[in-house]
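Just so you know, the working numbering puts 283 at position 283 of the sequence shown, and the rest follows in order with no gaps. Cβ atoms here follow ideal geometry from the backbone N, Cα and C, with glycine treated the same way. Keep in mind that this is a model prediction, so the values were computed, not measured.
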Amino acid sequence: MYIASLVKSLSHLMGGQYLSSTSSKPQVSPLMAAAHHVSPPSSVKQLCDSGTLSSVHNHYASRDPGAPSDIDPTLEEQIPTIDFSMLTQGTPQERSLMVRQLGQACEEWGFFMVVNHGVPEALRGAVLDAAKDFFDMEEEKKAEYLGRHVLDPIRYGTSFNSTVEDVHYWRDYLKLFVHPEFHCPAKPPNLRDILCQYTTCTRALGIELLKGIWESLDLDESYMNKAFNLEACFQVFVANFYPPCPQPELAMGLPPHSDHGLLTILHQNAIDGLHVKHGNGWVYVKPLPNSFLVNTGDHMQIVTNGRYKSVLHRAMTNGESTRMSVVTVVAPSLDTVVEPVAQLVSSERPAMYRGIKYVEFLEYQQGNKLREKAVLELLRV
Ligand SMILES: O=C(O)CCC(=O)C(=O)O
């Protein structure tokens, strides 16, 4: 009851505060404005570059190796693979096979690898290099992009949301809103062009996968465009930087969480560190060469009325090498109210979630501690 009224008052507080999805910058709500004045901790890169680090400060001790949720992951389970070329250029039989496999992957895993996706390897390499060039810039230059508010379209920072956290995560990030308007730092100079190409390709990839997923549920494609306003779809790009950590047994890159969007498309450098929750355990992800890792987000769970669930994942640290990942999230337009589609609601399976404007969900998720599927749970009917 308390939670329901919290969500209601949140919606009320934020209602009407935002410009339309084509506006240049979402406005700051009074709720979030309060969080502006806390100065952020140093970036973890800066801590590492100081060269004297042999242990992590208590602020980073987010892991409890003895806790049941922290048990060692297994490699035994194989994450499903989707051949994108069969989905988009295959025979009708090949497409329907891929659609079936997509549906199965979403239902059983919420995670799959995509191969033969057509995004050039050179571009995938270039985006990681350009993101690294950004993190390698002097702190004073990066400080120009420090996030003041969780809906700022360009946001450099550390941990997840250091203004509200008790413990921090061993991660620096650059978050950019790249669609329907494209935002990018002016430095390093090649970032804009590479990112523009990369995010265009991955958006197209995401939308094709969404069509296949929609088909796997026997839903009409035109209805999907209407439900999400995909022409103005919201797309965010995140570059994650996890430098070597002196005590990886204590610190985490990112804690167990689900993603807010419909689909997240992830690509990493040669260093592994992603764990995915499957059944009661964690699976250590070893991506196939040249593949993307894709996972379903909270809004997929809402819209499918719980048929396809978002999945918990976490990013681990290591003591030797810098890990980087680049993530793009494809989501409904910011002003879309997302709710379970009527075709997946019945008297046997009543609506499980109440509808919420995408931007409200996003602001709440990004403005609070990152904790499993906490925001989605707030919307449960
Ligand atoms: O770096 C990774 O592998 C995971 C990143 C992630 O979960 C995120 O950016 O939300």
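- Message: Here's the rule: buried if 16 or more other CB atoms are within 10 angstroms of the residue's CB, otherwise exposed. What is E348?
- Response: Within the sequence shown, numbered from 1, the residue matching residue 348 stands at position 348. It counts as exposed.
- Query: By Cβ distance, which residues of its chain are closer than 6 angstroms to L250, with the 5 residues on each side in sequence left out?
  - Reply: Here the question's residue 250 lines up with position 250 in the sequence shown. Only V56, A61, R63 meet the Cβ criterion.
- Message: Between G261 and A342, how many whole angstroms is the CB-CB distance? I'm expecting something under 8 angstroms.
- Response: Your numbering for residue 261 matches position 261 in the sequence shown. Your numbering for residue 342 matches position 342 in the sequence shown. Not confirmed; about 22 angstroms, so no contact.
- Tell me the DSSP bridge mates of F112? On the sequence shown, position 112 is the one that residue 112 refers to. According to DSSP, which records beta bridges pairwise, F112 is partnered with V294.
- How long is the line joining the alpha carbons of E429 and P185, rounded to whole angstroms? This structure leaves residue 429 out entirely; the chain is present only between 1 and 381.
- Specify, as a first and last residue, the run of the beta strand (DSSP E) that Q268 falls within. What you label residue 268 is simply residue 268 of the sequence shown in a count that begins at 1. In the DSSP annotation of this structure, the continuous segment of the beta strand (DSSP E) that includes Q268 starts and ends at 263–268.
- Taking buried to mean at least 16 other C-beta atoms within 10 Å of its own C-beta, is V329 buried or exposed? Here residue 329 refers to the residue found at position 329 of the sequence shown. Buried is the call here.
- Since F111 and V311 are thought to touch, with beta carbons under 8 angstroms apart, how far apart are those beta carbons, to the nearest angstrom? Taking the sequence shown and counting its residues from 1, the one referred to as residue 111 is at position 111. Taking the sequence shown and counting its residues from 1, the one referred to as residue 311 is at position 311. The beta carbons of F111 and V311 sit about 6 angstroms from each other, so the pair counts as a contact at 8 angstroms.
- Task: Check the DSSP bridge columns for V238 and list the partner residues they point to.
- Result: Position 238 of the sequence shown holds residue 238. Paired residue(s): K175, V327.
- Task: Pick helix, strand or coil for L254, following the three-state DSSP scheme.
- Result: Start at 1 with the first residue of the sequence shown, and residue 254 comes out as number 254. Annotated three-state conformation of L254 is strand, per DSSP.
- Message: Taking the straight line between their C-alpha atoms, what separation do you get for V38 and C245?
- Response: Within the sequence shown, residue 38 is the residue found at index 38, counting from 1. Within the sequence shown, residue 245 is the residue found at index 245, counting from 1. Any answer about V38 is weak, because its pLDDT of 44 lies below 50 and its placement is not dependable; what the coordinates show is given next. Their backbone Cα atoms lie some 25 angstroms apart in a straight line.
- Item | Within 8 angstroms, strictly: CB atoms of A130 and L191 | As a working mapping, residue 130 is identified with position 130 in the sequence shown. As a working mapping, residue 191 is identified with position 191 in the sequence shown. Contact flag set, yes.
- Item | Extent of the continuous beta strand (DSSP E) run through R192 | Within the sequence shown, the letter at position 192 stands for residue 192. Looking at the DSSP string, R192 is not in any beta strand (DSSP E); the run it does join, the alpha helix (DSSP H), is 191–216.
- Task: Using beta-carbon positions only, say whether L376 and S216 come within less than 8 angstroms of one another.
- Result: Against the sequence shown, residue 376 aligns to sequence position 376. Against the sequence shown, residue 216 aligns to sequence position 216. No, the pair does not count as a contact, with Cβ atoms beyond the cut-off.
- Considering only residues of the same chain and omitting the five flanking positions on each side of A35, which have a CB-CB separation below 6 angstroms? On the sequence shown, position 35 is the one that residue 35 refers to. Confidence in A35 is poor, its pLDDT being 38 and thus under 50, which makes the residue's placement unreliable; the coordinate value appears in the next sentence. Within the same chain, T163 come within 6 angstroms of A35 by CB-CB distance, once the 5 residues on both sides are set aside.
- May I ask whether a heavy atom of ligand 1 can be found less than 7 angstroms away from the beta carbon of N318? For the purposes of this step, residue 318 is taken as the residue at position 318 of the sequence shown. Ligand 1 has no heavy atom closer than 7 angstroms to the beta-carbon of N318.
- Message: Quick check on DSSP: helix, strand or coil for V119?
- Response: In the sequence shown, the residue the question calls residue 119 occupies position 119. Residue state, collapsed to three classes: coil.
- Message: Helix, strand or coil for L230? Go by DSSP, reduced to three states.
- Response: As a first step, residue 230 is located in the sequence shown; it is residue number 230 there, counting from the start. Of the three classes helix, strand and coil, the one that applies to L230 here is helix, per DSSP.
- Item | Pair within 8 angstroms by beta-carbon distance, Y358 and P340 | As a first step, residue 358 is located in the sequence shown; it is residue number 358 there, counting from the start. As a first step, residue 340 is located in the sequence shown; it is residue number 340 there, counting from the start. Against a cut-off of 8 angstroms, the Cβ pair of P340 and Y358 comes out as no contact.
- Kindly indicate which residue of N58, V119, H299, G355 has the alpha-carbon position closest to the one of S85. Here residue 85 corresponds to residue number 85 of the sequence shown, with the count starting at 1. V119 is the residue among N58, V119, H299, G355 whose C-alpha sits nearest the C-alpha of S85.
- By Cβ distance below 6 angstroms, which residues in the same chain neighbour G147 in space, the five residues on each side in sequence not counted? Mapped onto the sequence shown, residue 147 falls at position 147. Excluding sequence neighbours, G147 sits near R155, G157.
- Message: For ligand 1, I want to know if N240 counts as a neighbour, meaning its beta carbon is within less than 7 angstroms of at least one of the ligand's heavy atoms.
- Response: For the purposes of this step, residue 240 is taken as the residue at position 240 of the sequence shown. Taken from the Cβ of N240, at least one heavy atom of ligand 1 lies inside 7 angstroms.
- Message: Buried or exposed, going by whether 16 or more other CB atoms sit within 10 Å of the CB of A315?
- Response: For the purposes of this step, residue 315 is taken as the residue at position 315 of the sequence shown. Its Cβ being crowded by 16 or more others within 10 Å, A315 is buried.
- What first and last residue would you give for the beta strand (DSSP E) that runs through L274? On the sequence shown, position 274 is the one that residue 274 refers to. The continuous beta strand (DSSP E) containing L274 extends over residues 274–278.
- Query: So which of M224, H168, T336, R100 has the shortest CA-CA distance to R371?
  - Reply: Residue mapping note: residue 371 aligns to position 371 of the sequence shown, counting from 1. Closest by C-alpha distance to R371, out of M224, H168, T336, R100, is H168.
- By a C-beta neighbour count over all protein chains shown, 10 Å radius and 16 as the cutoff for buried, is Y223 buried or exposed? Taking the first residue of the sequence shown as 1, we reach residue 223 at position 223. By the neighbour-count rule (16 or more Cβ atoms within 10 Å), Y223 is not buried but exposed.
- With DSSP as the reference, label R100 as helix, strand or coil. The residue you call residue 100 lines up with position 100 of the sequence shown. Helix at R100.
- Taking R387 as the reference, which of K277, T322, R307, H179 has the closest Cα? Here the chain covers residues 1 to 381 and nothing more, so residue 387 does not appear.
- Message: Within a Cβ cutoff of 8 angstroms, which residues of the same chain sit near V115, ignoring the five residues on either side of it in sequence?
- Response: Translated into positions along the sequence shown, residue 115 becomes position 115. Non-local beta-carbon contacts of V115 in its own chain, meaning distances under 8 angstroms to residues more than five positions away in sequence, involve T81, I82, D83, F84, L288, N290, S291 in chain order.
- Message: What does the Cβ neighbour count give for R203, buried or exposed, with the cut at 16 atoms within 10 Å?
- Response: Residue 203 sits at position 203 when you count from the first residue of the sequence shown. The residue is buried, with at least 16 neighbouring Cβ atoms inside 10 Å.
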